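From first to last, the protein sequence lines are chains A and B.
In terms of the working numbering, the first sequence is residues -7 to 418.
In terms of the working numbering, the second sequence is residues -7 to 418.
Notes for the one structure printed next.
Protein chains: 2
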Amino acid sequence: MSDLAQLVATLGQQARAAARALAGTPPARIDAALRAMADELLAAEASILAANAADVAAARAAGQVPALVDRLTLDSKRLAACAAGLREVAALPHPVGQVLREWTQPNGLRFAKVRVPLGVIGFIYESRPNVTCDAAGLCLKSGNAVILRGGSEALRSNTAIAAALARGLAASGLPATSVQLVPVPDRETVRLLGEATGVIDLLIPRGGRGLIETVVRSARVPVIKHYDGICALYVDRAADLAMAENLALNGKCSRPGVCNAIETLLVHRDIAATALPRLGAALLERGVQLRVDEPARRALGDLAARRAGQVTAATPADYRTEFLDLILAVKVVDSTADAIAHIEANGSHHTDTIVTADAAAAEQFLAGVDSAVVLWNASTRFNDGFEFGFGAEIGISTDKLHARGPMGLEELTSYKYVVRGNGQTR
Amino acid sequence: MSDLAQLVATLGQQARAAARALAGTPPARIDAALRAMADELLAAEASILAANAADVAAARAAGQVPALVDRLTLDSKRLAACAAGLREVAALPHPVGQVLREWTQPNGLRFAKVRVPLGVIGFIYESRPNVTCDAAGLCLKSGNAVILRGGSEALRSNTAIAAALARGLAASGLPATSVQLVPVPDRETVRLLGEATGVIDLLIPRGGRGLIETVVRSARVPVIKHYDGICALYVDRAADLAMAENLALNGKCSRPGVCNAIETLLVHRDIAATALPRLGAALLERGVQLRVDEPARRALGDLAARRAGQVTAATPADYRTEFLDLILAVKVVDSTADAIAHIEANGSHHTDTIVTADAAAAEQFLAGVDSAVVLWNASTRFNDGFEFGFGAEIGISTDKLHARGPMGLEELTSYKYVVRGNGQTR
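Laid out in structure tokens, this is it:
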């Protein structure tokens, strides 16, 4: 066994032992530990920020792009937000122990379906060191041990944060190994975590497509993926155009770089001649580039000519691209059914919305689009665990198994059946 | 692309198209199709039994063991049971469309979590041709298309059955490709199904450990495993011995070859001297071989000596073995906590039961044993979808993600979130 394999095996054994201990820990003690972790995080501010400054300096020296450096950077305010996040998670209801269903069979057997922790969660992520706190808090609250494998660019920061969290755990009498950081963040450890059958109950990769594909390719343990969002806004012929404009601007411009941004604008042909000049003007004004089909170009009229640099012809690939930028693919469709067919063929089953005053068209869309979150007269930005009222979010699943859409605490649990009888046999 | 890869790709495309059609099919039409499939199965009895006779003859000629030949064999009665099973599934409530939860956020957004089909299910199984009907019925009822990959020894039978099912589908106006059989049942098709990301939403392998391990090793699509059951019966010091005897005999002898049979008997030391002679005599009488630790041998006393051929010393491996035979590993434990620790270290998290009149010991066991089904004063045989009242069972999951324990119709579904607003943005 290689040194790295030995390392991951040891982390795994420690995590399993911690998970056993956590399964029998009263909820109040878990909450106390979360608060102690918050305390230790604040107490260690100086060392965490110093470690982070070294990571940031190294990233700058390596010529990393400003967006990455920004994601990597911690300051007092961001660290305080991490601590506050742990306290908020402590205040949430406990998912474990909930009785999901109870029933009695004619033979007198009493059945209960009870929520239990998954056990050991592997969490693979990239540059944000605050994710170290967030993931640790959510996994612990749901009764799970977690092995965190952050990005190499954040190793110093993550190490300092994980040490503080471990002190909080130990101070509360919980195993410090409930939260462990993989100290060697290379690709090989990703592979080893994925092969740890019987040790890791769920592996969650969160990050760029390359990272997730690496995990999926090699993993033999269960994985819940967080792939991209190719989200569409469909403006039906019965749409309120002021609402459509608001939803388009919110969906594209508020944060173009995240997965619940819209990448495609579909417009019903009956309303294209009025909708597209209005929406187009508003989007172009905000600096959005439009990739349009020919009917959309005609509907845009003068605007397309005057803003020729911003309005270009769409290729088929544009409708299947997660731009994560101020770029929007635009298409005129013949009907709601046509919009649904386009989304099913080109979208990523993440988040799609219809704007319409026609309830029948809305229900057709809501039923026909097979995405994790489908909306009627609301922004795609609402695919978010906090907006759902989950109080927490570890990510947004693009899978259909176990968890779909925003993943909160409940999605980090499993269940078992408890059956009580008086000697029944078959 | 190889011919086989092309074949599996075509099956996959057809299944996805069928799944799209099924997602919009009214429940009553699905039930009508299930009944039509039952009709066609009975109408095709002569051809199905002829095909089956050819499979059975080939299996005999190949020197297959009698148990396999029996599993393979169909007759009028077994075929009628398949048809009746499809009608029973048609009569069950529909899982799809159920609203699992509804709530409204302070901003007025109305959320609904709605059950939807998974999409396309891949089902890999071995010699029983009746599983072809059962799996097809359950997948269709839950709105899914299914690709069935049965064993090579049952190919003629499965082909005849699948053809009848397809006629029933077509007669009901549903895509005949809602249920497809892989016509080339070699290992390569197992691998290809496991690699069909974006096509297969869930792969369920059911069969021997070798088959399941092959699937798990190569699959990149989500898999729910049906591994072995190393199930324990724990006789606490406060056990009713008549009840313990019944549960032991039921758990071991009624069907030793299936996964919910007990493989381990744990006895509290305070009751060993009375419990073990009684339980041991009853088990030995039924032809069960006992693999015992030294304290158990002492407790058995004379019996161990008189039945020396049936009572042998247990090795550590015996406590981690799924015998699937009239063999039982026996161990004396010091306490309920000791029983729990043994089960957690040696069992397979499948099904475990405690016999006791002591409610505190029972609750300690039910909380402490992390198995899919944990029972108090009831036989491990109750880990079964029908006994749970599910009305159907596609298997028993040994995973913790998505489905744990008996899998019925609900476990073949996912969900989506439907959000209704009036123009909300963030």
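Backbone N, C-alpha and C fix where the C-beta goes; we use that ideal spot for every residue, glycine too.
Here the structure is a predicted model, which means the values were calculated and not measured.
I'd like the span of the beta strand (DSSP E) that includes residue i, first residue to last.
i, result
"B/H341", "Neither: B/H341 is in no beta strand (DSSP E) and is coded neither H nor E."
"B/E32", "Careful: B/E32 lies outside any beta strand (DSSP E), inside the alpha helix (DSSP H) at 19 to 35."
"A/F103", "102 to 109"
"A/N414", "405 to 416"
"A/L194", "194 to 197"
"B/L140", "137 to 141"
"B/E94", "91 to 96"
"A/A321", "319 to 325"
"B/R312", "Element bounds for B/R312: n/a, residue is neither H nor E."
"B/C281", "First, the residue type needs correcting, since residue 281 of chain B is Gln and not Cys in the sequence shown. Note, B/Q281: beta strand (DSSP E), 281 to 284."
"B/G114", "112 to 116"
Can you tell me where the alpha helix (DSSP H) holding residue i begins and where it ends?
i, result
"A/S389", "Looking at the DSSP string, A/S389 is not in any alpha helix (DSSP H); the run it does join, the beta strand (DSSP E), is 387 to 389."
"B/S210", "201 to 210"
"A/R148", "147 to 163"
"A/E180", "179 to 186"
"A/A83", "68 to 83"
"A/V215", "Premise fails: A/V215 is in no alpha helix (DSSP H) and is neither H nor E."
"A/T304", "Note, A/T304: premise wrong, no alpha helix (DSSP H); beta strand (DSSP E) at 303 to 305."
"B/L173", "Premise fails: B/L173 lies in the beta strand (DSSP E), 171 to 173, not in any alpha helix (DSSP H)."
"A/L130", "122 to 133"
"B/G4", "-5 to 15"
"B/V428", "No answer is possible for residue 428 of chain B: the residues shown for chain B start at -7 and end at 418."
"B/A297", "294 to 298"
Residues of chain B with CB under 8 Å from residue i, in chain order?
i, result
"A/K408", "D362, S363, A364, V365, V366, R396, G397"
"A/E336", "R12"
"A/R373", "T417, R418"
"A/N242", "T417, R418"
Starting from residue i, find everything on chain A with Cβ-Cβ shorter than 9 Å and list it in chain order.
i, result
"B/D193", "D391, K392, L393"
"B/V435", "Absent from the model: residue 435 of chain B. The displayed extent of chain B is -7 to 418, so no value can be given."
"B/S246", "T417, R418"
"B/Q97", "F374, E379, F380, G381"
For the putative contact between residue i and residue j, defined by C-beta atoms under 8 Å, what is the C-beta separation to the nearest angstrom?
i, j, result
"A/L66", "A/N44", "4 Å"
"A/L130", "A/L404", "6 Å"
"A/T343", "A/N375", "4 Å"
"B/I22", "B/S149", "With a Cβ gap of about 25 Å, B/I22 and B/S149 do not count as contacting."
"B/L64", "B/A146", "6 Å"
"A/N252", "A/R107", "27 Å between Cβ atoms; not a contact."
"B/G165", "B/M29", "Going by Cβ atoms, the distance from B/G165 to B/M29 rounds to 13 Å, so no, they are not a contact pair."
"A/L239", "A/A273", "With a Cβ gap of about 16 Å, A/L239 and A/A273 do not count as contacting."
Anything in chain B within Cβ reach of residue i, meaning under 9 Å, just list it in chain order.
i, result
"A/R412", "A354, L358, L367, W368, N369, A370"
"A/V138", "None at all; the shortest Cβ gap to chain B is about 15 Å."
For residue i, which residues in chain A fall below 8 Å Cβ to Cβ?
i, result
"B/G16", "A359, G360"
"B/Q5", "The contacting residues do not exist; B/Q5 stays about 13 Å from chain A at best."
"B/G111", "D362, K392"
"B/V91", "Under the 8 Å cutoff, chain A gives no residues; its nearest Cβ is about 12 Å from B/V91."
"B/V250", "By Cβ distance, chain A contributes nothing, its closest Cβ being about 11 Å from B/V250, past 8 Å."
Run down chain B in chain order and give the residues with a C-beta less than 7 Å from the C-beta of residue i.
i, result
"A/N238", "G415, T417"
"A/F103", "F380"
"A/M29", "Near A/M29 there are no residues of chain B at all, since even the closest Cβ is about 25 Å away, more than 7 Å."
"A/M235", "G415"
Heavy atom of the ligand ATP less than 8 Å from the Cβ of residue i, yes or no?
i, result
"B/A30", "Absence of the ligand ATP from the depicted structure is noted, as is the absence of any ligand whatsoever, leaving it without description."
Where are the beta strand (DSSP E) runs, 3 residues long or more, that stay fully inside the stretch 218 to 277 of chain A, in chain order?
-> 223 to 227, 254 to 260
Any chance the stretch 315 to 325 of chain B sits against the stretch 269 to 280 of chain B, with 3 or more Cβ pairs inside 8 Å?
-> yes
At which residue ranges does the stretch 359 to 401 of chain A contain complete beta strand (DSSP E) runs of 3 or more residues, listed in the order of the chain?
-> 365 to 370, 387 to 389, 397 to 399
Is the stretch 401 to 416 of chain A in contact with the stretch 357 to 374 of chain B, if contact means three or more CB pairs nearer than 8 Å?
-> yes
Is there contact between the stretch 31 to 38 of chain A and the stretch 170 to 183 of chain A, where contact requires at least three CB pairs shorter than 8 Å?
-> no
Taking contact to mean at least 3 C-beta pairs separated by less than 8 Å, is the stretch 89 to 99 of chain A in contact with the stretch 0 to 9 of chain A?
-> no
Say whether the stretch 212 to 219 of chain A touches the stretch 136 to 154 of chain A, bearing in mind that this needs 3 or more beta-carbon pairs closer than 8 Å, one atom from each stretch.
-> no
Could you tell me whether the stretch 220 to 236 of chain A touches the stretch 342 to 355 of chain A, where touching means 3 or more Cβ pairs closer than 8 Å?
-> yes
Assess, as a yes-or-no matter, whether the stretch 258 to 270 of chain A is touched by the stretch 381 to 394 of chain A under the definition of 3 or more beta carbon pairs within less than 8 Å.
-> no
Assess, as a yes-or-no matter, whether the stretch 186 to 206 of chain A is touched by the stretch 104 to 118 of chain A under the definition of 3 or more beta carbon pairs within less than 8 Å.
-> yes
Count the CB pairs spanning the stretch 299 to 311 of chain B and the stretch 238 to 246 of chain B that are closer than 8 Å, and state whether there are at least three.
-> no
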